[in-house]
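Residue numbers (the numbering used here), protein chains in the order written: chain D, 4 to 513; chain X, 2 to 279.
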Amino acid sequence: MSIGPDHVAPDALVGIPRQRTNAGRWVADGWSAFRDSLRAQGVGLLEDAATRGIFATDAGGTAYGLPHGVVIARSAAQISSLLKAAQTHAVPVTVRGGGLTTEGESVAYGGVLLDMTGMSNVLEIDERALTVRTQAGIFWSALAERLRRQGLDYLSAPLNLTSSVGGTLGVGGIDVNSPHLGCSADQALALQVVTPTGEIVECSDTENATLFQRVILGYGQFGVITEATLRVRRYQPLRMRYFYYASLRAAIADLQMLDAEEASDYSGILTMMDKAITLLVAFDSDEKEARFERAFLSRLHGAGEFAFAVRTAIFYALRPWRWREALYLYRRKSVLFPEFRRPEFHRGGKMHDRTVVFSRAVWKHWGRRQMVIPDLATSAEKFIEAVERGNEVCRRYFPYYTLYCVGIKLREDHRTHYELSCIPPDARGRAYGCEFEPMLGDAVYSRDTLQSFKNEIYDVGVALGASYYRFGGMMKGYIRRVFGDQLVEHHLTMKRAADPAMILNRDVVF
Amino acid sequence: MSHHDCSGCGLCLLVCPVWHGTRDVRLTPKGRARAIQHGAKREDLAASTAGCTLCGACEPACPEELPLVDMVMELRSGSPFPEAEVRIQGKKKLLLAGRALRAEPDRLARTLALLEGYELAADDGADIVEALEAGTTIADERLAAFLASLALARQVVVAEGLLLRALRRWLADASVRGIGETLLPAISAKLRAGDFYVIASQAFNCDQPRLIGRYDWLRATSGCEMNLDLQRIAMPVAGQARWILEGRRVERIVVEDLAERAAFDFAGKPVLHLAELA
Ligand SMILES: Cc1cc2nc3c(=O)[nH]c(=O)nc-3n(C[C@H](O)[C@H](O)[C@H](O)COP(=O)(O)OP(=O)(O)OC[C@H]3O[C@@H](n4cnc5c(N)ncnc54)[C@H](O)[C@@H]3O)c2cc1C
Ligand code: SF4
Ligand code: SF4
Chain D
4 MSIGPDHVAP DALVGIPRQR TNAGRWVADG WSAFRDSLRA QGVGLLEDAA TRGIFATDAG
64 GTAYGLPHGV VIARSAAQIS SLLKAAQTHA VPVTVRGGGL TTEGESVAYG GVLLDMTGMS
124 NVLEIDERAL TVRTQAGIFW SALAERLRRQ GLDYLSAPLN LTSSVGGTLG VGGIDVNSPH
184 LGCSADQALA LQVVTPTGEI VECSDTENAT LFQRVILGYG QFGVITEATL RVRRYQPLRM
244 RYFYYASLRA AIADLQMLDA EEASDYSGIL TMMDKAITLL VAFDSDEKEA RFERAFLSRL
304 HGAGEFAFAV RTAIFYALRP WRWREALYLY RRKSVLFPEF RRPEFHRGGK MHDRTVVFSR
364 AVWKHWGRRQ MVIPDLATSA EKFIEAVERG NEVCRRYFPY YTLYCVGIKL REDHRTHYEL
424 SCIPPDARGR AYGCEFEPML GDAVYSRDTL QSFKNEIYDV GVALGASYYR FGGMMKGYIR
484 RVFGDQLVEH HLTMKRAADP AMILNRDVVF
Chain X
2 MSHHDCSGCG LCLLVCPVWH GTRDVRLTPK GRARAIQHGA KREDLAASTA GCTLCGACEP
62 ACPEELPLVD MVMELRSGSP FPEAEVRIQG KKKLLLAGRA LRAEPDRLAR TLALLEGYEL
122 AADDGADIVE ALEAGTTIAD ERLAAFLASL ALARQVVVAE GLLLRALRRW LADASVRGIG
182 ETLLPAISAK LRAGDFYVIA SQAFNCDQPR LIGRYDWLRA TSGCEMNLDL QRIAMPVAGQ
242 ARWILEGRRV ERIVVEDLAE RAAFDFAGKP VLHLAELA
């Protein structure tokens with residue numbers, strides 16, 4: 004069997020030399036012996052074209068690759084058998100949770116695709132200790148649904164409902180409460196991991212700590228997460244407030260001021276280009292909101308909805324040649340605002356089920372069969388410059404786009420977890436991330452255009468010494484440029500030791 | 002709208018009973034759409050489409066607003082959903098009781114008594130429901146005769162969810178409602194905290210934006226719990242009974258659809274049909 008074109012080939016990123024770790028593409032040597040070995044152990048392997056096709060791309064829809072076979076995860080023991088056989092026969096295994104990567108990180112270019120969503124049960128909720136033990140293929144939304152019956156909620160998770168716990172712990176997990184609670188990866192207390200050589204190991208900050216450090220934010224390089232113990236909290240509906248800006252700089256300054264002062268429980272910026280910039284601020288408790296009103300409201304530079312609408316109308320009335328943009332803003336506002344205020348999710352002025360509200364809106368109004376979402380993660384100090392430079396890139400490439408900015412509270416005791424991850428090495432206290440998402444709509448862009456756009460955003464990161472949420476897959480050419488050879492070599496040495504045949508998620512990072 | 006418009010977001014998985022039961026993406030709308038996008042044929046998906054319960058929970062969840070139930074029925078039958086148009090000429094009120102309610106004459110009588118002014122339709126289209134489910138052909142003459150028998154009705158209450166969905170299209174000028182929604186005013190005062198109210202999935206999911214507020218109101222006024230849970234983007238169905246009740250303290254279960262009663266037997270709690278509440 005032959006493999007299709009290589010999306011991460013050495014020449015895929017024009018002008019960017021890439022060091023290849025794997026000697027060549029895997030050409031299915033040993034597949035039938037591997038298949039026989041799995042069959043003998045009772046591990047189900049699905050090889051029909053329809054099943055393999057389901058996994059041909061990820062949420063990004065720009066990287067394509069077919070696995071030779073799919074295994075639906077059912078237990079740690081089954082995954083252990085799979086990985087042991089894969090080591091023996093040198094067959095690549097690509098792990099997938101929700102498959103919400105956009106750079107092909109969860110796409111298998113041959114070998115086995117391990118679908119973790121087959122392991123989606125909540126195992127134990129400890130209401131007193133405020134923890135949950137869950138299988139790691141579970142979607143955050145399904146976890147939230149189960150926790151809510153006990154009046155509990157997870158701390159923070161991606162705003163998209165269908166990312167999995169395991170996939171998220173491996174890459175980050177940023178929520179609008181991350182400026183205050185940190186990223187999802189920092190909330191894992193313990194994990195059950197199947198190592199690339201098939202050992203089933205429990206790890207945490209105190210038990211097998213090195214493995215824990217490498218698996219958390221480790222892009223699935225050092226093991227498959229099969230179970231996780233996470234911190235949870237009491238569920239609270241929240242009160243949401245919006246402030247509108249015409250300047251990115253002013254909005255970011257206000258966001259960072261609020262975060263530094265711990266003035267709200269949730270905060271973030273969502274924009275329509277650099278024309279309509281919304282600072283969203285939300286509160287779990289009336290006391291916190293009252294404190295915000297007393298001490299911080301008057302310090303904000305944003306306007307209310309009506310005042311901003313009037314200002315924007317005057318701006319475009321004086322620039323009639325920009326009517327298309329004005330119309331776009333108007334239309335976008337008309338569909339987005341009701342979505343965030345759907346009555347069934349609001350009671351007594353408070354928003355319930357924020358994940359559902361945000362995720363629905365994200366998929367409905369941003370989701371497409373093709374999505375490119377390059378991002379920059381920097382220290383607080385560099386953030387405004389990063390966003391402004393990224394915004395310039397967006398303006399050059401696309402008429403319509405969105406920026407999404409949010410802070411991430413860091414844990415000093417987790418510095419080692421952050422090595423070679425989306426957390427920028429120079430950030431202290433809080434890091435900031437900005438996603439740059441073009442609204443592709445029905446327009447057709449070549450893959451070259453999309454790749455060039457991403458490269459230009461990532462070049463800003465190289466210049467500023469930033470990091471990225473999505474540095475793997477098609478963007479891995481940047482890994483050595485931003486992290487430096489020394490750190491990458493160090494991790495590669497650890498990877499080779501842990502995964503002698505280099506089978507686990509082998510094309511994602513190295 | 003076709004499988005090619007699926008973005009692969011996976012929101013349909015969250016509400017799909019088959020997904021909950023199997024954790025197998027191949028048996029979900031996302032799995033079918035992704036497979037078709039990558040070349041799968043109708044025959045390749047036969048097991049997947051056969052497994053679908055047609056509960057409709059995936060439809061309101063889908064941000065692309067794909068007609069996912071029609072799409073399954075088309076995959077099953079190989080032909081588009083049968084279209085028909087009927088001009089309403091009368092003012093009757095009819096109850097289409099369906100298989101499960103007809104099998105229990107006492108409960109049928111109670112239901113009719115609560116539905117003031119309604120007659121029991123002689124022809125409740127049981128064979129049409131079966132054909133829709135199985136994806137077999139419905140003869141044009143049979144469909145025409147069935148619909149002609151309903152043309153005298155201005156208000157129709159339908160127990161079978163799949164038929165309700167079809168009749169909302171075929172009888173566009175009539176008021177076509179489910180039993181649950183229609184009996185809600187009569188039974189709402191009888192529900193209480195400790196009750197678990199099971200909304201009939203097909204009826205709810207094919208009219209979710211309109212019904213969601215009513216059930217929210219019912220929950221708020223009675224204090225009962227229901228299978229309209231956290232997500233409220235669609236509703237988990239009785240096929241997930243164990244999961245639905247997991248972690249809840251329930252004293253009594255009330256079902257809108259008699260056919261779903263047996264699914265809750267395992268709980269060891271009284272399971273009532275909503276007509277028994279009045
Ligand atoms: C529309 C959209 C909105 C998004 N919004 C957010 C957001 O608000 N915040 C945010 O943080 N991110 C966001 N993301 C990014 C996405 O949520 C993250 O990439 C996500 O958390 C990944 O989870 P997943 O289950 O989809 O992982 P996958 O995409 O399946 O996998 C991610 C990586 O982890 C590996 N992996 C998967 N499961 C395991 C496992 N059990 N053990 C070991 N390795 C594993 C995979 O091989 C892959 O390399 C968004 C993405 C999209 C498309
Ligand atoms: S109709 Fe029901 S069973 Fe069928 S795919 Fe949709 S949610 Fe799943
Ligand atoms: S919810 Fe709709 S768009 Fe999303 S995966 Fe399912 S069918 Fe596709």
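For each residue, glycine too, the CB sits at the ideal point set by N, CA and C.
Values in this document were obtained by computation on a predicted structure and should not be read as measured data.
Does the Cβ of G56/D lie closer than 8 Å to at least one heavy atom of ligand 3? To locate residue 56/D, count along the first sequence from 1; it is residue 53. G56/D Cβ: outside cutoff for every heavy atom of ligand 3.
How is K42/X classed by DSSP in three states: helix, strand or coil? Stepping through the second sequence from its first residue, residue 42/X is reached at position 41. Of the three classes helix, strand and coil, the one that applies to K42/X here is coil, per DSSP.
For A500/D, which of helix, strand or coil comes out of DSSP? Walking along the first sequence from the start, residue 500/D turns up at place 497. Three-state result, A500/D: helix.
Which chain X residues sit within Cβ distance under 9 Å of F142/D? The sequence position of residue 142/D within the first sequence is 139, counting from 1. Per Cβ cutoff of 9 Å: G11, L14, L15.
For V390/D, which residues of its own chain have a beta-carbon under 8 Å away from its beta-carbon, when the five flanking residues on both sides are left out? Along the first sequence, one-based indexing puts residue 390/D at 387. Around V390/D: L251, I255, L379, L406, C408, C437.
A41/X versus chain D: which residues are under 8 Å apart at the beta carbon? Counting from one through the second sequence, the residue named residue 41/X turns up at place 40. Chain D residues near A41/X: A52, A53, G56.
Strictly below 7 Å CB to CB, what residues from chain X border S123/D? Numbered from its first residue, the first sequence carries residue 123/D at position 120. Here the neighbours are R24.
For Y245/D, I'd like the list of residues in its chain whose CB is within less than 6 Å of its CB, leaving aside the five on either flank, ordered along the chain. Here residue 245/D refers to the residue found at position 242 when the first sequence is read from its first residue. Excluding sequence neighbours, Y245/D sits near T281, L283.
Can you name the residues of chain X whose CB is closer than 7 Å to the CB of L158/D? Taking the first residue of the first sequence as 1, we reach residue 158/D at position 155. Near L158/D there are no residues of chain X at all, since even the closest Cβ is about 16 Å away, more than 7 Å.
Helix, strand or coil at C437/D [DSSP, three-state]: On the first sequence, position 434 is the one that residue 437/D refers to. Reduced to three states, the DSSP call for C437/D is strand.
Please determine whether the Cβ atom of S8/X lies at a distance below 8 Å from any heavy atom of ligand 3. The sequence position of residue 8/X within the second sequence is 7, counting from 1. S8/X Cβ: within cutoff of ligand 3.
Member of G201/D, S267/D, D189/D whose CA lies at the smallest distance from the CA of T171/D: For the purposes of this step, residue 171/D is identified with residue 168 of the first sequence, where counting begins at 1. Per the Cα distances, D189/D.
Using the Cα positions of H417/D and P427/D, report the straight-line distance between them to the nearest angstrom. In the first sequence, residue 417/D corresponds to position 414, counting from 1. In the first sequence, residue 427/D corresponds to position 424, counting from 1. So the alpha carbons of these two residues sit roughly 13 Å apart.
If we count the other Cβ atoms within 10 Å of its Cβ and call it buried at 16 or more, is A51/X buried or exposed? Taking the first residue of the second sequence as 1, we reach residue 51/X at position 50. Exposed.
Helix, strand or coil for E459/D per DSSP? Numbered from 1 along the first sequence, position 456 holds the residue referred to as residue 459/D. Looking at E459/D - three-state DSSP - the assignment turns out to be helix.
Using a 10 Å radius around the Cβ and a threshold of 16 neighbouring Cβ atoms, would you call M119/D buried or exposed? By one-based count along the first sequence, residue 119/D stands at place 116. M119/D is buried by the Cβ-count criterion.
Locate the alpha helix (DSSP H) running through I482/D, then write down its first and last residues. On the first sequence, position 479 is the one that residue 482/D refers to. Run containing I482/D: 482-486, per the alpha helix (DSSP H) assignment.
Using the beta-carbon count (16 or more within 10 Å), is E148/D buried or exposed? The count along the first sequence starts at 1 and reaches residue 148/D at position 145. Buried: at least 16 other Cβ atoms inside 10 Å.
Between A62/D and ligand 1, is there a pair consisting of the residue's CB and a ligand heavy atom that are separated by less than 8 Å? By one-based count along the first sequence, residue 62/D stands at place 59. Checking the Cβ of A62/D against ligand 1 gives yes.
Cβ of V223/D within 9 Å of Cβ of L495/D? The residue you call residue 223/D lines up with position 220 of the first sequence. The residue you call residue 495/D lines up with position 492 of the first sequence. In the sequence under discussion, the amino acid at residue 223/D is Gly, which differs from the Val named in the question. For G223/D and L495/D, no; Cβs fall outside 9 Å.
Return no unless some Cβ of chain X is closer than 9 Å to the Cβ of W366/D. As a working mapping, residue 366/D is identified with position 363 in the first sequence. Yes - at least one Cβ of chain X is within 9 Å of the one on W366/D.
N- and C-terminal bounds of the beta strand (DSSP E) containing F197/X: Counting from one through the second sequence, the residue named residue 197/X turns up at place 196. 196-199 is the span of the beta strand (DSSP E), which, as asked, contains F197/X.
From F299/D to V447/D, what does the alpha carbon distance come to, in whole angstroms? Taking the first sequence and counting its residues from 1, one reaches residue 299/D at position 296. Taking the first sequence and counting its residues from 1, one reaches residue 447/D at position 444. Their Cα atoms are separated by approximately 45 Å.
Give every residue of the same chain whose Cβ lies closer than 7 Å to the Cβ of C10/X, excluding the five residues on either side of it in the sequence, and list them in chain order. The count along the second sequence starts at 1 and reaches residue 10/X at position 9. Answer for C10/X: P64, listed in chain order.
So the candidates are V94/D, L116/D, D462/D, L86/D; which of them puts its Cα closest to the Cα of I57/D? Stepping through the first sequence from its first residue, residue 57/D is reached at position 54. When each option's Cα is compared against that of I57/D, the closest is L116/D.
Using three-state DSSP, classify Y421/D as helix, strand or coil. For the purposes of this step, residue 421/D is taken as residue 418 along the first sequence, with counting starting at 1. Reduced to three states, the DSSP call for Y421/D is helix.
If A154/X and A175/X are in contact, beta carbons under 8 Å, what's the gap, nearest whole angstrom? Here residue 154/X refers to the residue found at position 153 of the second sequence. Here residue 175/X refers to the residue found at position 174 of the second sequence. Sure, about 6 Å apart at Cβ, within 8 Å.
Consult DSSP for A193/D and reduce its assignment to one of helix, strand or coil. What you label residue 193/D is simply residue 190 of the first sequence in a count that begins at 1. In this structure, A193/D counts as strand in the three-state DSSP scheme.
Nearest to G121/D (by Cα), restricted to the options C56/X, D25/X, L46/X: In the first sequence, counting from the first residue as 1, residue 121/D sits at position 118. Closest by alpha carbon: D25/X.
Verify whether the separation of the beta carbon atoms of T60/D and G72/D is less than 9 Å. Against the first sequence, residue 60/D aligns to sequence position 57. Against the first sequence, residue 72/D aligns to sequence position 69. It is not a contact, given that the beta carbons lie outside the stated cut-off.
Are the beta-carbon atoms belonging to L172/X and L151/X less than 9 Å from one another? Locating residue 172/X in the second sequence gives position 171, where the first residue counts as 1. Locating residue 151/X in the second sequence gives position 150, where the first residue counts as 1. Their beta carbons are under 9 Å apart, which means L172/X touches L151/X by this criterion.
Are A434/D and S362/D closer than 9 Å when you measure CB to CB? Against the first sequence, residue 434/D aligns to sequence position 431. Against the first sequence, residue 362/D aligns to sequence position 359. Against a cut-off of 9 Å, the Cβ pair of S362/D and A434/D comes out as no contact.
How should G352/D be labelled, buried or exposed, when 16 other C-beta atoms within 10 angstroms of its C-beta is the threshold for buried? One-based indexing of the first sequence puts residue 352/D at position 349. It counts as exposed.
Against chain D, does D196/X count as a neighbour if the rule is that its beta carbon must be under 9 Å from one of theirs? By one-based count along the second sequence, residue 196/X stands at place 195. By this cut-off, D196/X is not an interface position.
Does the distance between the C-beta of W244/X and the nearest non-hydrogen atom of ligand 1 fall short of 8 Å? Here residue 244/X refers to the residue found at position 243 when the second sequence is read from its first residue. No, the beta carbon of W244/X sits no closer than 8 Å to any heavy atom of ligand 1.
Any beta carbon from chain X within less than 9 Å of E108/D's own beta carbon? Within the first sequence, residue 108/D is the residue found at index 105, counting from 1. So no, E108/D is outside the interface.
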